[in-house]
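Numbering-wise, my numbering comes out as the position in the sequence shown, counting from 1, plus 2. Positions of the beta carbon are idealized from the N, C-alpha and C atoms, including for glycine. The model shown is predicted, which means the values in this text are computed figures rather than measured ones. Below is one structure; the comments refer to it alone.
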Amino acid sequence: MDTVEDIVIVGAGFAGLATALGLHRKGVKSLVLESSPAMRTTGFAFTIWTNAWRALDALGVGDKVRDHHLLLESITFLSATSGDISAKVDLDKTQRKIGMHELRCVQRDFLLETLAAELPKDTIRFSSKIVLIQEDGNLKLLHLADGSIIKAKVLIGCDGINSVVAKYLGLEKPLFSGRCATRGISEHPTGHGFKHDYLNINGGGFRYGFLPCSEKNIYWFFTWCPSENGAEKVDESIQKMREFVLKILTASKVPREIIEVIERSEMSEVVSSPLRYRSPISLLFGNITKRNVCVIGDALHPMTPDLGQGGCTSLEDGVILSRYLADAVHDGNVEVGLEKFERDRRWRCANVVAKSYITGFIQQSSNWFVSFLREKLLAGIMARDLLNVSDYDCGKL
Ligand SMILES: Cc1cc2nc3c(=O)[nH]c(=O)nc-3n(C[C@H](O)[C@H](O)[C@H](O)COP(=O)(O)OP(=O)(O)OC[C@H]3O[C@@H](n4cnc5c(N)ncnc54)[C@H](O)[C@@H]3O)c2cc1C
């Protein structure tokens, strides 16, 4: 016999786990279906900005994550072509609306496991891939890859960039930005000795970011345009990708000790990630919800990683959606709750996606005019934009 669940969340990434935990805190049960056999930890680490700390605090896990990750003190922008500092921001001296700016580089597996550990046993069902969604009156029929069917009264798509739920809602496919990224992490058992600074090296057709997660490990990312930089077939193996990144950085003015970290790094099994985004127009006018179905996180607003906000806004989504949804469940009108979520999130998501794209374009460009503007005029504005976007409070549950 097919089972009927009240709320089914598809995907156990940041968005799915934050929503399940927010609902749990509000006394509402949900079931999370995850296609992988275990938690997916691709990407090692990522920046968690002030807005996401607000979301994690609302979910009651902020301090557990803080305890294991360094508080970064500053952000430095360095020109890849001249080696000069084009902008520097001290986080504790910068104006803000909602209290202290807080930036840490957090390990992905640690955050996912911390969120999952707070959920009741059996909330997450692994190896459960949704392949098709159909309707049966007010219920949604979820067909799984193993042939089973689950009926859901409410369906929340947190299934990432290739979302089947977004497709069901008729949202446009994400667009390719023309850029790719690779990432790595290096372990330093006796301490790395680097400053607590987020170093951004820009220009020359690439972006390189370098951040300490703790005193013993460093996370880095590198983005480039496959159509430039002589990047043919570099994604065939980790070895080829490492050589490619090292060759480009060595030919630039990037300091030697920063490059050496790459030589000793573990690199992602997903050697190259194409950077995709959803058009802000489609976010403003597309269906984010339809009756008892809704999408959040990358399923809703995939973006280029240039403001480090994809995961952070997914956590915001999770808190805001669970607040509206739990209240709506108690009032017996889910549709109204999802519509409130839609109204609340459209502009915020479209704005962050657009700003991320523009920032990445300017930061990475090798065009002489854009480079001139970036280094003489825009570097400071872009540094402040990183902070402005994160100066947002999703509120309590
Ligand atoms: C290079 C790079 C750097 C980044 N850096 C940052 C950063 O510094 N800061 C930041 O905030 N964000 C960053 N991001 C973005 C961030 O990783 C994503 O925005 C975030 O992971 C989105 O979370 P999510 O839960 O929506 O989706 P995901 O993390 O993609 O999770 C989706 C989950 O759904 C599961 N799933 C998919 N399809 C199905 C299905 N059909 N059935 C069941 N389960 C399914 C998947 O297995 C997965 O576990 C970066 C992204 C990239 C590519």
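Strand pairing of residue i, partner residues [DSSP]
i      : result
Pro191 : Paired residues: none, contrary to the question.
Gly186 : Trp222 and Met269
Ser275 : Ala183
Val91  : Ile77
Lys153 : Val6 and Leu143
Tyr210 : Ile203 and Phe224
Phe178 : Arg278
Asp300 : In the DSSP output, where bridge partners are listed per residue, Asp300 has none listed.
Cys160 : None, per the DSSP bridge assignment.
Lys292 : Val295
Ile126 : Val34
Arg106 : Ile50
Cβ-heavy atom distance, residue i to ligand 1, below 6 Å
i      : result
Leu35  : yes
Ser254 : no
Lys292 : no
Ser32  : no
Lys131 : yes
Asp300 : yes
Val272 : no
Arg345 : no
Arg42  : yes
Phe178 : no
Thr116 : no
Val10  : no
Gly13  : yes
Ser38  : yes
Thr49  : yes
Ser88  : no
Phe16  : yes
Gly159 : no
Pro282 : no
Val166 : yes
Ser150 : no
Ser392 : no
Ala119 : no
Gly64  : no
Ala147 : no
Ala352 : no
Ser324 : no
Gly312 : yes
Pro307 : yes
Ser275 : yes
Ser373 : no
Gly186 : no
Ser267 : no
The alpha helix (DSSP H) enclosing residue i, as first and last residue numbers
i      : result
Val336 : Val336 to Gln366
Val247 : Ile240 to Thr252
Leu114 : Arg110 to Ala119
Ile283 : Pro282 to Phe287
Val372 : Trp370 to Leu375
Asp387 : Ala381 to Ser392
Gly171 : Looking at the sequence shown, residue 171 is not Gly but Leu. Start and end: Val166 to Leu171.
Segment limits, beta strand (DSSP E) that includes residue i
i      : result
Asp199 : Asp199 to Gly205
Cys314 : Here Cys314 belongs to no beta strand (DSSP E); instead the alpha helix (DSSP H) covers Gly312 to Asp333.
Val133 : Ile132 to Asp138
Residue i: CB within 6 Å of a non-hydrogen atom of ligand 2
i      : result
Ala385 : Of the ligands this structure carries, namely ligand 1, none is ligand 2.
| task | Please go through the region 3 to 82 and give each complete alpha helix (DSSP H) segment of 4 or more residues, from N-terminal end onward. | result | 16 to 27, 52 to 60 and 64 to 68
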